[in-house]
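Working notes, structure below.
Residue numbers (the UniProt record's numbering): 1 to 161.
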């Protein structure tokens with residue numbers, strides 16, 4: 001929502017949608033271009049969208065932290081731009097959060113900048129006087145619940161313990 005307000009372009013990659021199904025409507029991404037793929041990386045399938053010479057960074061968020069999102073960060077050098085990874089906006093399909101926590105730690109080791117939605121939106125705004133600040137404010141007033149996977153515990157992505 002915040003990226004839409006600020007005019008940040010985006011797209012959705014879908015892992016074998018003919019088998020796994022399309023992106024769920026609850027994500028609110030119905031208006032974004034879809035890029036189907038079978039590889040764990042989106043780089044090949046989305047190359048036309050990532051080839052913009054004005055592209056300065058790539059924002060990654062999604063599911064399957066231990067697979068597609070991790071591979072994306074590990075291959076991020078292929079984009080030719082730094083990756084910003086929304087650690088608060090990733091999930092893992094499985095009973096254990098160990099895979100998710102280790103994937104976040106690995107992405108950090110690979111040079112990803114871990115961030116939250118609030119931090120990213122404030123960085124994009126740069127100033128409370130920004131003309132879109134009032135539209136963004138409701139999105140950051142109620143932060144998501146703390147899962148403990150970013151800071152806390154022995155597996156916290158930031159090495160907290």
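Even glycine gets a Cβ: it sits at the ideal position worked out from N, Cα and C.
Since we're looking at a predicted model, the values are computed, not measured.
Per DSSP, what kind of secondary structure is residue i in: helix, strand or coil?
| i | result |
| --- | --- |
| residue 141 | helix |
| residue 32 | coil |
| residue 97 | coil |
| residue 5 | helix |
| residue 123 | helix |
| residue 55 | coil |
| residue 19 | helix |
| residue 11 | coil |
| residue 132 | coil |
Note down the Cα distance separating residue i from residue j, rounded to an integer number of angstroms.
| i | j | result |
| --- | --- | --- |
| residue 13 | residue 31 | 13 Å |
| residue 141 | residue 124 | 16 Å |
| residue 37 | residue 16 | 6 Å |
| residue 9 | residue 51 | 13 Å |
| residue 118 | residue 102 | 23 Å |
| residue 77 | residue 53 | Confidence at residue 77 is low in this model, with a pLDDT of 49, below 50, so the placement of that residue should be treated as unreliable; the coordinate-derived value is given next. Cα-Cα distance, rounded: 15 Å. |
| residue 108 | residue 18 | 32 Å |
| residue 97 | residue 116 | 18 Å |
| residue 136 | residue 100 | 28 Å |
| residue 59 | residue 110 | 15 Å |
Report back the beta-carbon spacing between residue i and residue j to the nearest angstrom; my notes put them in contact at under 8 Å.
| i | j | result |
| --- | --- | --- |
| residue 132 | residue 6 | 6 Å |
| residue 35 | residue 46 | 5 Å |
| residue 114 | residue 104 | 7 Å |
Can the beta-carbon of residue i be found less than 8 Å from the beta-carbon of residue j?
| i | j | result |
| --- | --- | --- |
| residue 11 | residue 55 | no |
| residue 21 | residue 1 | no |
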